[in-house]
Amino acid sequence: RNPSEVQGCRPEPAHARVHALLAEVHEGQRRGDDFVREVREAIRLRPEDAPSRYKLVRHYLGSRPSPEGLADAEAQMRALYGQLPANAVVRLRFGEVLLRAGKVAEAQAVYRAAREDLWNVPDEAIPFLETKGYVQNVGDVGRLQQVRAADAMLAAPENEGGVAGMGVQAGV
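Residues 177 to 348 (the working numbering) are what the sequence shown spells out, left to right.
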């Protein structure tokens with residue numbers, strides 16, 4: 177049976193999206209070799225497929241990459257950086273890959289460019305970016321609200337901090 181078959185679906189080789197979706201299925205089933213094969217095929221068929229490139233890099237960095245895997249991650253990030261040179265997330269991940277590859281000077285230059293981009297974010301966009309980042313990484317807006325309430329309590333000038341501070345605030 178062809179490993180690309182999922183419940184009777186035989187993808188046509190020219191359909192990059194089918195390979196990208198199969199890669200997601202394999203990733204969910206923790207079938208790393210099948211994931212890598214399908215996502216590479218999606219990228220081969222559609223080189224501008226930035227999400228597939230990023231998923232492949234994330235896969236490599238999530239495991240202990242072999243030298244070949246790290247080299248492929250670097251090649252994928254170079255392609256992404258070429259496609260999206262002003263994307264701060266791409267720059268930060270590219271810097272991480274370069275550091276892992278031992279290319280410190282190049283990583284520093286990439287990180288400097290990312291820092292400049294991040295410093296130029298309008299103030300009104302920062303709360304939105306923080307919320308979006310938290311929800312994407314944790315997934316629970318209620319927990320974000322709890323964290324913000326706790327941060328506000330800790331930042332209050334009358335807070336003495338720690339458990340003792342909570343007791344003082346409660347009048348104990």
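In this text, a Cβ means the ideal position worked out from N, Cα and C, and glycines have one as well. None of the values given here were measured: they were computed from a predicted structure.
For residue 276, the enclosing alpha helix (DSSP H) begins and ends at 264-276. By the Cβ neighbour-count rule, residue 199 is buried, with 16 or more other Cβ atoms within 10 Å of its own. The beta carbon of residue 218 lies closer than 7 Å to those of 192, 195, 196, 199, 225, 228 in the same chain, with the five residues before and after it left out. With contacts defined as CB atoms closer than 8 Å, residue 212 and residue 231 fail to qualify as a contacting pair. Cβ neighbours of residue 274 within its own chain (closer than 6 Å, five residues either side excluded): 282, 283.
Bounds of the alpha helix (DSSP H) holding residue 228 are 226-238. Of the residues assessed, residue 205 falls on the exposed side of the cut-off, its CB having fewer than 16 other CB atoms within 10 angstroms. Around the Cβ of residue 233, a 10 Å sphere holds 16 or more other Cβ atoms; the residue is buried.
Secondary structure at residue 202: helix, using DSSP grouped into helix, strand and coil.
In chain order, 283, 286, 287 place their CB closer than 6 Å to the CB of residue 271, counting only its own chain and leaving out the 5 sequence neighbours on each side.
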